[in-house]
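A.B. asks: Please find one structure pasted underneath; my questions will follow.
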Amino acid sequence: ESDVSAVVTASGAQFVATATLSKAGVWSAVVAGTDSTSATVAIGGSPVSVTVVPGAPDSSKTAAIGVAATVGATNVFTVEGRDVFNNRLATGGLTLAATMTGPSNGRATVVDHGTGRYTVTWPPVT
């Protein structure tokens with residue numbers, strides 16, 4: 103959740119629009135007023151473009167995608183980092199370690215793609 107303020111100056115006056123946003127992306131803030139005929143019109147300098155970026159990583163929202171394994175094959179799945187509002191992270195840098203346990207134990211390798219996505223690969227299950 104991010105509090106975003108947009109300040110627009112028109113005719114020497116400043117107008118402030120504030121919103122609380124939880125969805126990452128590009129937002130357009132329209133600041134409008136009422137003219138002498140009571141019509142609602144956007145003031146000069148409006149709309150204002152606001153870019154909201156994902157928040158801090160949240161492990162409860164981060165997801166593993168494609169986790170089916172095949173006997174005798176190298177197996178791969180993707181981990182997608184997400185914030186508390188389920189926005190996909192846009193950058194890497196998480197510290198991830200994967201260890202497989204079961205009939206065939208082993209340590210997987212994790213590749214950080216720098217995009218919020220990670221590839222996890224583990225050797226063939228035999």
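Note that the working numbering has the sequence shown beginning at 103, numbered continuously upward.
Ideal Cβ positions, reconstructed from N, Cα and C, are used throughout, including at glycine.
Being a predicted model, the structure only gives us computed values, none of them experimental.
Is it a yes or a no for the segment 182–195 touching the segment 212–227, going by three-plus beta-carbon pairs under 8 Å?
C.D. replies: The segment 182–195 vs the segment 212–227: in contact.
A.B. asks: Assign Val-213 to one of two classes, buried (16 or more other C-beta atoms within 10 Å of its C-beta) or exposed (fewer than that).
C.D. replies: Counting Cβ neighbours within 10 Å, Val-213 comes out exposed, since fewer than 16 surround it.
A.B. asks: Quick one: give me the first and last residue of the beta strand (DSSP E) that Ser-148 is part of.
C.D. replies: First-last for Ser-148: undefined, no H or E at that position.
A.B. asks: Here's a check: name, in chain order, each residue in its chain whose Cβ is nearer than 6 Å to the Cβ of Phe-187, leaving out the five neighbours to either side.
C.D. replies: Here the set comprises Ser-124.
A.B. asks: Determine which residues share a DSSP beta bridge with Ala-144 and list them.
C.D. replies: Note: Ala-144 sits in a beta bridge opposite Ala-134.
A.B. asks: Quickly, what does DSSP pair Ala-166 with across the bridge? List them, please.
C.D. replies: In DSSP, Ala-166 forms a bridge with Val-181.
A.B. asks: Using a threshold of 8 Å, state whether the C-beta atoms of Val-152 and Ala-131 are closer than that.
C.D. replies: Against a cut-off of 8 Å, the Cβ pair of Ala-131 and Val-152 comes out as a contact.
A.B. asks: Residue range of the beta strand (DSSP E) that Thr-203 falls in?
C.D. replies: Thr-203 -> no beta strand (DSSP E), and no H or E assigned at all.
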